[in-house]
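The next block holds one structure in the form of C-alpha cells; read it before the comments.
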C-alpha cells in the first residue's frame, strides 16, 4: 500500500459495531464514495441499483456495494459505465453531475476504477473481436491515438486523486485496478482475437496498471493491485472473473461477472484492513 491513514481504525470500528448496510446513515461522518467506469459499476450483473440511471448500468452487487455491505458503510455510488477521467472531474453522464461532486469534507473512503475508457481498452477489445469474428460495422482501432493518450494518463489519474484529497483531506483515496481480461497465451472459443491483437491488449492492461500505481504513489494515495491478483482468471480461464466476447443476453462482453466482483471486493476489504 502506498498510503495508510487513521481512517482504517474508524472503518474497522464501524464493522465491530455492526453499523448498517450501504443505505444506512453514515456514523460519525464516515462515508464511502465509489467512482469509476463499468468495472466498478458492474453492467450485466443482477440487479440494477434502485434509483440509479439505467445508462450507467450500476449493479447492486458491484464491488462498491459488496464492500459497503461487508464493512457497514454508507455508500454513495456514482460509478457509471463508459466513464472517463473527464466524467469524474468535469463532465457528467446520464443526467449526473461529475462524479467528484459526490465527495465532501466528511468523506472518509473513496475508491476509483478509472482510466480504461480514456485509452479505449474495452472499445478496442470489442472492435478487434468484431473484426476477427467476421462482424460488420466494427469500426477501427487507432493504436496511435491510444498510445498518445497513454502519454497523458498518469497526469489524468493524478488529477483525480488530487481532487479527492482537496475535497476530503482526511479520506483514503484508493485506486482499484482493472481485472485481467485476455489470456497470457492463445485466445479461446468466444474470445476472437489474433495474436497481434492479444499482444496489443495485454500492453494496454500492463500500461494501465503501471500508470495507476504511479499516480497513486505520486499523490499519496493507495492502489489495490487487482490486475496481477486476477491473473489466471481471464476470460479464457477455467475460473473466469470476466465474461468472454460472446455472452448470453443481458451480459456485457469482457466485463466482470459475479465471481470477479466478489473477488475485487475481497481484495479491497483486505487492503482496507492493513
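Residue numbers (mature numbering (1 follows the signal peptide of the UniProt record, and there is no 0)): -26 to -1, 1 to 248.
Note that beta-carbon positions come from the ideal geometry of N, C-alpha and C, so glycine has one too.
This one's a predicted model, so the numbers in the text were calculated from it and none came from an experiment.
Quiz item: Is it buried or exposed for residue 50, if we count other Cβ within 10 angstroms and need 16 for buried?
Solution: For the purposes of this step, residue 50 is taken as residue 76 along the chain shown, with counting starting at 1. Buried, by the Cβ-count rule.
Self-check item: For residue 200 and residue 182, the rounded distance between their alpha carbons
Solution: As a position in the chain shown, residue 182 is number 208, starting the count at 1. As a position in the chain shown, residue 200 is number 226, starting the count at 1. C-alpha separation (whole angstroms): 12 Å.
Practice problem: Could you tell me which residues DSSP pairs with residue 303 in its beta bridges? | Solution: An answer regarding residue 303 cannot be provided, because it is not within the stretch -26 to 248 covered by the chain.
Quiz item: How big is the Cα-Cα spacing for residue 4 and residue 56?
Solution: Numbered from its first residue, the chain shown carries residue 4 at position 30. Numbered from its first residue, the chain shown carries residue 56 at position 82. At residue 4, the pLDDT of 49 sits below 50, so the modelled position is not reliable and the matter cannot be decided from this model.
Quiz item: In chain order, what residues of the same chain lie with their CB nearer than 6 Å to the CB of residue 7, ignoring the 5 residues before and after it?
Solution: For this step, residue 7 is matched to residue 33 along the chain shown. For residue 7, where only same-chain residues beyond five positions count, the Cβ hits under 6 Å are 50, 76, 77, 81, 84.
Self-check item: Integer-rounded CB distance, given that residue 209 should sit under 8 Å from residue 150
Solution: By one-based count along the chain shown, residue 150 stands at place 176. By one-based count along the chain shown, residue 209 stands at place 235. Rounded, the Cβ-Cβ distance is 19 Å, inconsistent with contact.
Practice problem: Identify whether residue -3 lies in helix, strand or coil by the three-state DSSP scheme. | Solution: Within the chain shown, residue -3 is the residue found at index 24, counting from 1. Per-residue confidence for residue -3 stands at a pLDDT of 34, beneath the threshold of 50, marking its modelled position as unreliable; the derived number appears in the next sentence. The three-state reading of DSSP puts residue -3 in coil, since its state is none of H, G, I, E or B.
Quiz item: Helix, strand or coil: which one does DSSP assign to residue 212?
Solution: Residue 212 sits at position 238 when you count from the first residue of the chain shown. Assignment of residue 212 by DSSP, reduced to helix, strand and coil, places it in the coil class.
Self-check item: Unbroken beta strand (DSSP E) run spanning residue 165, endpoints
Solution: By 1-based counting over the chain shown, the position of residue 165 is 191. Segment: none, residue 165 is in no beta strand (DSSP E) and carries neither H nor E.
Self-check item: Exposure label - residue 125; buried when at least 16 CB within 10 Å
Solution: Mapped onto the chain shown, residue 125 falls at position 151. Counting C-beta atoms within 10 angstroms of its own C-beta, residue 125 has fewer than 16 neighbours from the protein chains shown and is therefore classed as exposed.
Quiz item: Where does residue 238 fall in DSSP's three states?
Solution: Against the chain shown, residue 238 aligns to sequence position 264. Residue 238: helix per DSSP, three-state reduction.
Self-check item: Member of 238, 164, 99 whose CA lies at the smallest distance from the CA of residue 220
Solution: Position 246 of the chain shown holds residue 220. Answer by Cα proximity: 164.
Quiz item: Closest by CA to residue 147, which one among 198, 115, 122, 39?
Solution: Stepping through the chain shown from its first residue, residue 147 is reached at position 173. Measuring from the Cα of residue 147, the nearest candidate turns out to be 198.
Exercise. Identify whether residue 244 lies in helix, strand or coil by the three-state DSSP scheme.
Key: The sequence position of residue 244 within the chain shown is 270, counting from 1. Helix, per DSSP.
Exercise. My understanding is that residue 135 touches residue 189, with C-beta atoms under 8 Å, so please give their C-beta distance in whole angstroms.
Key: On the chain shown, position 161 is the one that residue 135 refers to. On the chain shown, position 215 is the one that residue 189 refers to. Contact flag correct, Cβ pair sits at about 6 Å.
Quiz prompt | Three-state secondary structure (DSSP) of residue 33 | solution = In the chain shown, counting from the first residue as 1, residue 33 sits at position 59. The answer is strand: DSSP assigns residue 33 an E or B state.
Quiz item: Can you list, in chain order, the residues of its chain whose CB lies under 6 Å from that of residue 233, leaving out five sequence neighbours each side?
Solution: Locating residue 233 in the chain shown gives position 259, where the first residue counts as 1. Once the five neighbours on either side are set aside, the close Cβ partners of residue 233 are 215.
Practice problem: Going by DSSP, name the residue or residues bridged to residue 84. | Solution: Within the chain shown, residue 84 is the residue found at index 110, counting from 1. Its beta-bridge partners are 7, 147.
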